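Novice: Have a look at the structure that comes next, please.
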Amino acid sequence: MVNPTRVLVVDDEPQTLRALVINLRARRYEVDTAPDGVTALELAAAHRPDAVVLDLGLPDMDGVEAIKKLRDRTRVPILALSARHSAAERAESLAAGADAYVTKPFDLDALLARLRDAVREAAVDSDVVVEVGGFTVDLAAGKVHRDGEDVRLTPTEWRLLEVLVRNAGRPVGRRHLLQAVWGPSYGTESNYLRVYMAQLRRKLEPDPSRPAHLITEPGTGYRFER
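Here our numbering is used: the first residue of the sequence shown is 44, the next is one more, and so on.
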């Protein structure tokens with residue numbers, strides 16, 4: 044028998060929390076709820092959810108900080124909710140490790156569809172480990188190993204590497220990378236990519252000046268090559 048999907052819902056608004064719990068349970072999800080960031084971190088450690096729906100307006104800590112703390116513990120999908128429509132906040136939450144950013148008020152069916160797709164994608168990728176040269180990318184664990192040791196990547200470095208690895212062998216355009224890593228309001232800030240690609244190459248390539256795996260595609264973007 045397949046275990047039901049467990050979702051951790053983090054929100055201090057009783058009405059939003061109640062609506063999400065009722066609808067998730069009606070669709071046979073198991074649901075844990077937390078009214079603040081500290082409780083969310085405790086429940087995430089104790090119950091190991093398959094996904095997290097987290098409001099950024101928490102009473103005890105910044106929502107982006109909560110995402111970062113969760114990302115230190117898990118790679119499950121995180122959907123960030125916010126009453127603010129700030130492009131900067133959207134970019135910051137995605138850079139911290141959120142998989143999607145949804146503004147309030149939201150369409151409940153659309154939110155549940157995004158959650159379902161995120162959980163399905165995570166399940167498909169759960170066993171993907173990519174070995175290249177002297178390092179290994181573990182997509183499920185969100186980690187990189189080199190010479191038997193963990194490579195410390197920032198959340199932004201990881202998201203950039205993850206997008207490239209999932210498209211291994213195919214050029215990924217600059218605009219696509221910027222929007223996938225920094226958010227949909229980005230698309231022309233190529234200097235961001237140059238800075239972070241240089242950092243990744245220093246950490247992963249045997250010879251960063253002559254990269255063998257993190258390849259520049261002139262006029263297009265970048266490509267990950269095994």
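We put the CB at the ideal spot given by N, CA and C, even for glycine.
Keep in mind that this is a model prediction, so the values were computed, not measured.
What does the alpha-carbon distance come out to for the pair Tyr-235 and Asp-54?
Specialist: Rounded to whole angstroms, Tyr-235 to Asp-54 spans 32 Å at the Cα level.
Novice: So, under 8 Å CB-CB, Val-171 and Ala-183 are touching, yes? Tell me the CB distance rounded to an integer number of Å.
Specialist: Contact holds; Cβ gap of about 7 Å.
Novice: From Tyr-265, Val-50, Pro-78, Ala-83, pick the residue whose C-alpha is nearest to that of Ala-69; which is it?
Specialist: Nearest C-alpha to Ala-69: Val-50.
Novice: Using beta-carbon positions only, say whether Arg-189 and Leu-247 come within less than 8 Å of one another.
Specialist: Yes, these two residues count as a Cβ contact at 8 Å.
Novice: What are the start and end residues of the alpha helix (DSSP H) that includes Ala-94?
Specialist: No alpha helix (DSSP H) holds Ala-94; the beta strand (DSSP E) holding it covers 94-98.
Novice: Let me make sure I understand the geometry here. Which of Gly-226, Arg-209, Pro-249, Asp-250 has the alpha-carbon closest to that of Tyr-265?
Specialist: Comparing Cα-Cα distances from Tyr-265 to each of Gly-226, Arg-209, Pro-249, Asp-250, the minimum goes to Arg-209.
Novice: Please report how far the alpha carbon of Ala-156 lies from the alpha carbon of Leu-84, in whole angstroms.
Specialist: Computed Cα separation, rounded: 25 Å.
Novice: Count the other CB atoms within 10 Å of the CB of Ala-241; is the residue buried (16 or more) or exposed (fewer)?
Specialist: Flag for Ala-241 reads exposed.
Novice: Any idea which residues DSSP pairs Leu-122 with across the strands?
Specialist: The partner list for Leu-122 (beta bridge, DSSP) reads Val-96, Ala-143.
Novice: Hey, could you find the ends of the alpha helix (DSSP H) Val-208 is sitting in?
Specialist: Its alpha helix (DSSP H) spans residues 198-209.
Novice: Is it true that the CB of Pro-120 sits closer than 8 Å to the CB of Ala-161?
Specialist: Yes, the pair counts as a contact, with Cβ atoms nearer than the cut-off.
Novice: So does Leu-84 have its beta carbon nearer than 7 Å to some heavy atom of the ligand FAD?
Specialist: Among the ligands in the structure shown, none appear at all, so the ligand FAD cannot be discussed.
Novice: In the DSSP assignment, what are the bridge partners of Thr-259?
Specialist: According to DSSP, which records beta bridges pairwise, Thr-259 is partnered with Tyr-265.
Novice: What does the alpha-carbon distance come out to for the pair Asp-142 and Leu-122?
Specialist: Approximately 6 Å between the Cα atoms of the pair.
Novice: Could you give the residue range of the beta strand (DSSP E) that holds Thr-231?
Specialist: From DSSP, Thr-231 is part of no beta strand (DSSP E); its letter is neither H nor E.
Novice: For Ala-94, tell me which candidate among Pro-47, His-219, Tyr-229, Val-224 has the shortest Cα-Cα distance.
Specialist: Taking only the C-alpha atoms, the option nearest Ala-94 is Pro-47.
Novice: Which value, in whole angstroms, describes the spacing of the CA atoms of Met-44 and Pro-214?
Specialist: Residue confidence is low: Met-44 scores 43 on pLDDT, short of 50, so the model does not pin down where it sits. Its coordinate-derived value is still stated next. Each residue's Cα considered, the two are about 41 Å apart.
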